[in-house]
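Enquirer: Dropping a structure here in structure tokens format, bear with me for questions.
Residue numbers (the UniProt record's numbering): 1 to 438.
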């Protein structure tokens, strides 16, 4: 969730602020980043924790520093994209670059705050295009007077306005003269699960698109009615009204050039995990370690196993053991399978074959020492792997309808074969998991 917006100039003076669900002040944000980076010295987005539940992402733009206060569970990459979209919409409405000189103007300041309010839906980012913001505004309101829209047509219904301006709007994310030898459309549904073992983490999902279509086509991508998915956020190319009004969960858009993330969503974790692991401290025992033969040593062990499942294997499985900075060396006592790399003691990695079958088990036993030859306990271990062929949320693409720039329609239901030569190349489902065990 997004809890606040702050905009500073290069000297740290706050030009604009809006707080919805945060007690963080502009002064706290300024001093946090000043101590961290010197505030005005960084050129890329930076982040810092301001409480146990909140972080701040600050992005430099022109002579401004735009800060979003958000919930700690929101991916930082998503916040960065939201800031870029926020700037894009502001400049579209204000018809000028967003700078400190612009925000000194009271009218521009109010307009910017109203844009932020429209982009947020109960503090959840709703990433979309300027036309959708226009349709969200009540006609003849103070809001429209502030924006002074040069191309607005108050008597034109929203759907007609959107159709007539479609070609001109596409130029922001799609080139007008795109020409590919092969007409192709690829869709990937990717879910990432990150959390601590023993808790119920939230799924972060993405629908990625790779488009090689000529002209200005329109794509209707229909999802199944999955009750676990929620908080959808869309690329600005998406017509959000079709998704919310149709009742069929249709994502309608003119595809951006080449690769893009067309939608993001959250979901609850329903099914059990394919991979499970434990990190345990064994009772002190004697072991054959050079220089310590006969001494009782505290050994730590990681046991990792995969459940029997219709999915035959998991890929890219690795276990990362994290130690504190004071660690000097990590020694492997024994392992049943895999390669334990201890070249970087603070981050030791146990890797396996590319594909690990389900119904498999492995154990690693190790010990770490500091500069004084004292045993150091690991901070935690992280289990990472990928699953091809399914997503835990149960989300699926039911059908794709592609209308080309020449207005020829090609409908490809996924549930049944078609005899027409299809430009749609299918959906790949992928799950990426990163679990912390302590």
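The beta-carbon is built from N, C-alpha and C at its ideal position, and this holds for glycine as well.
As the structure is a prediction and not an experimental result, all values here were calculated from the model.
(1) Please report how far the alpha carbon of residue 15 lies from the alpha carbon of residue 111, in whole angstroms.
(2) Tell me the residue span of the alpha helix (DSSP H) that contains residue 107.
(3) Tell me, to the nearest whole angstrom, how far the beta carbon of residue 189 is from that of residue 397; I am working on the premise that it is less than 8 Å.
(4) Compute the beta-carbon to beta-carbon distance between residue 208 and residue 85, rounded to the nearest angstrom, for a pair I have assumed lies under 8 Å.
(5) Rounded C-beta distance between residue 432 and residue 386? I'm assuming under 8 Å.
(6) Please list, in chain order, all residues of the same chain as residue 305 whose beta carbon is under 8 Å from its beta carbon, the five residues on each side excluded.
(7) Pull the bridge partners of residue 101 from the DSSP assignment, please.
(8) What does DSSP give as the partner residue(s) for residue 313 in the beta ladder?
(9) According to the Cβ coordinates, are residue 11 and residue 229 closer than 7 Å?
(10) Mind checking who residue 341 pairs with in its DSSP beta bridge?
(11) With distance defined between alpha-carbon atoms, name the residue in 368, 298, 349 nearest to residue 325.
(12) With burial defined as no fewer than 16 other Cβ atoms inside 10 Å of the residue's Cβ, what is the status of residue 298: buried or exposed?
(13) Is residue 403 helix, strand or coil by DSSP?
(14) One question on the structure: do residue 104 and residue 66 come within less than 7 Å of each other, judged by their Cβ atoms?
(15) Taking the straight line between their C-alpha atoms, what separation do you get for residue 258 and residue 79?
(16) Between which residues of its own chain and residue 248 is the CB-CB distance below 7 Å, once the five residues before and five after are set aside?
(17) Residue 213: buried (16+ other C-beta within 10 angstroms of its C-beta) or exposed?
(18) Out of 401, 357, 383, point me to the one whose CA is closest to residue 438's CA.
(19) According to DSSP, simplified to helix, strand and coil, what is residue 278?
(20) Give me the residue from 254, 436, 434, 391 with the minimum Cα distance to residue 427.
(21) Using a Cβ-Cβ cut-off of 7 Å (strictly less than) and excluding sequence neighbours within five positions of residue 72, which residues of its own chain qualify?
(22) Between 20, 389, 69, 435, which has its C-alpha nearest residue 309's C-alpha?
(23) Going by DSSP, what residue range makes up the beta strand (DSSP E) through residue 242?
(24) For a minimum of 3 consecutive residues, which ranges assigned as the beta strand (DSSP E) are wholly contained in the region 189 to 263?
(25) Roughly how many whole angstroms lie between the Cα atoms of residue 350 and residue 64?
(26) Let me make sure I understand the geometry here. Which of 205, 232, 185 has the alpha-carbon closest to that of residue 256?
(27) Using DSSP with H/G/I as helix, E/B as strand and the rest coil, what is residue 59?
(28) What residues are listed by DSSP as bridge partners for residue 362?
(29) Answer with buried or exposed for residue 339, where buried requires no fewer than 16 other C-beta atoms within 10 angstroms of its C-beta.
(30) Measuring alpha carbon to alpha carbon, tell me which of 29, 395, 17, 375 ends up nearest residue 282.
(31) So, under 8 Å CB-CB, residue 108 and residue 94 are touching, yes? Tell me the CB distance rounded to an integer number of Å.
(32) Short of 8 Å in beta carbon distance, which residues of its chain neighbour residue 57, apart from the five on each side in sequence? Order them along the chain.
(33) Confirm, please, whether the CB-CB distance from residue 313 to residue 357 is below 7 Å.
(34) Helix, strand or coil for residue 80? Go by DSSP, reduced to three states.
Expert: Taking the geometry as given:
(1) Working through the chain shown from its first residue, we reach residue 15 at position 15. Working through the chain shown from its first residue, we reach residue 111 at position 111. So the two alpha carbons sit approximately 13 Å from each other.
(2) One-based indexing of the chain shown puts residue 107 at position 107. 106 to 119 is the extent of the alpha helix (DSSP H) around residue 107.
(3) Within the chain shown, residue 189 is the residue found at index 189, counting from 1. Within the chain shown, residue 397 is the residue found at index 397, counting from 1. That pair is a contact at about 7 Å.
(4) The sequence position of residue 208 within the chain shown is 208, counting from 1. The sequence position of residue 85 within the chain shown is 85, counting from 1. Incorrect: roughly 17 Å between the Cβ atoms, too far for contact.
(5) The residue given as residue 432 occupies position 432 in the chain shown. The residue given as residue 386 occupies position 386 in the chain shown. Contact flag correct, Cβ pair sits at about 5 Å.
(6) As a first step, residue 305 is located in the chain shown; it is residue number 305 there, counting from the start. Cβ within range, chain order: 275, 276, 277, 360, 361, 362.
(7) Here residue 101 is taken as the residue at index 101 of the chain shown, counted from 1. In the DSSP output, where bridge partners are listed per residue, residue 101 has none listed.
(8) In the chain shown, residue 313 corresponds to position 313, counting from 1. 357.
(9) Start at 1 with the first residue of the chain shown, and residue 11 comes out as number 11. Start at 1 with the first residue of the chain shown, and residue 229 comes out as number 229. Their beta carbons are not under 7 Å apart, which means residue 11 does not touch residue 229 by this criterion.
(10) Within the chain shown, the letter at position 341 stands for residue 341. Paired residue(s): 349.
(11) Start at 1 with the first residue of the chain shown, and residue 325 comes out as number 325. Taking only the C-alpha atoms, the option nearest residue 325 is 368.
(12) Walking along the chain shown from the start, residue 298 turns up at place 298. By the neighbour-count rule (16 or more Cβ atoms within 10 Å), residue 298 is not buried but exposed.
(13) Along the chain shown, one-based indexing puts residue 403 at 403. The answer is strand: DSSP assigns residue 403 an E or B state.
(14) The sequence position of residue 104 within the chain shown is 104, counting from 1. The sequence position of residue 66 within the chain shown is 66, counting from 1. It is not a contact, given that the beta carbons lie outside the stated cut-off.
(15) Position 258 of the chain shown, counted from the start, is the residue given in the question as residue 258. Position 79 of the chain shown, counted from the start, is the residue given in the question as residue 79. Between residue 258 and residue 79, the C-alpha separation is close to 22 Å.
(16) If you number the chain shown from 1, residue 248 lands on position 248. If we look at residue 248 and ignore the five residues flanking it on each side, its Cβ neighbours are 222.
(17) The residue given as residue 213 occupies position 213 in the chain shown. It is buried - the Cβ of residue 213 has at least 16 other Cβ atoms within 10 Å.
(18) On the chain shown, residue 438 is found 438 positions in, with the first residue counted as 1. Nearest C-alpha to residue 438: 383.
(19) For the purposes of this step, residue 278 is identified with residue 278 of the chain shown, where counting begins at 1. Residue 278: strand per DSSP, three-state reduction.
(20) Walking along the chain shown from the start, residue 427 turns up at place 427. Among 254, 436, 434, 391, the Cα nearest to that of residue 427 belongs to 391.
(21) Counting from 1 along the chain shown, the entry for residue 72 is found at position 72. Taken in chain order, the residues that qualify are 53, 54, 55.
(22) Taking the chain shown and counting its residues from 1, the one referred to as residue 309 is at position 309. Among 20, 389, 69, 435, the Cα nearest to that of residue 309 belongs to 389.
(23) To locate residue 242, count along the chain shown from 1; it is residue 242. Segment 240 to 245 is the alpha helix (DSSP H) holding residue 242; no beta strand (DSSP E) there.
(24) 202 to 212, 218 to 223, 229 to 234, 250 to 253
(25) If you number the chain shown from 1, residue 350 lands on position 350. If you number the chain shown from 1, residue 64 lands on position 64. Approximately 44 Å between the Cα atoms of the pair.
(26) Sequence index remark: in the chain shown, residue 256 carries index 256 (1-based). Of 205, 232, 185, the residue nearest in Cα terms is 185.
(27) Residue numbering aside, residue 59 sits at position 59 when the chain shown is read from its first letter. In this structure, residue 59 counts as strand in the three-state DSSP scheme.
(28) As a working mapping, residue 362 is identified with position 362 in the chain shown. Its beta-bridge partners are 304.
(29) Numbered from its first residue, the chain shown carries residue 339 at position 339. Classification for residue 339: exposed.
(30) Counting from one through the chain shown, the residue named residue 282 turns up at place 282. Residue 282 has its Cα closest to that of 375, out of 29, 395, 17, 375.
(31) Counted from its first residue, the chain shown places residue 108 at position 108. Counted from its first residue, the chain shown places residue 94 at position 94. Contact flag correct, Cβ pair sits at about 6 Å.
(32) Within the chain shown, the letter at position 57 stands for residue 57. 45, 46, 47, 67, 68, 70, 76, 79, 80, 83, listed in sequence order.
(33) Taking the first residue of the chain shown as position 1, residue 357 is located at position 357. Taking the first residue of the chain shown as position 1, residue 313 is located at position 313. For residue 357 and residue 313, yes; Cβs fall inside 7 Å.
(34) Taking the first residue of the chain shown as 1, we reach residue 80 at position 80. Note: residue 80 maps to helix in three-state DSSP.
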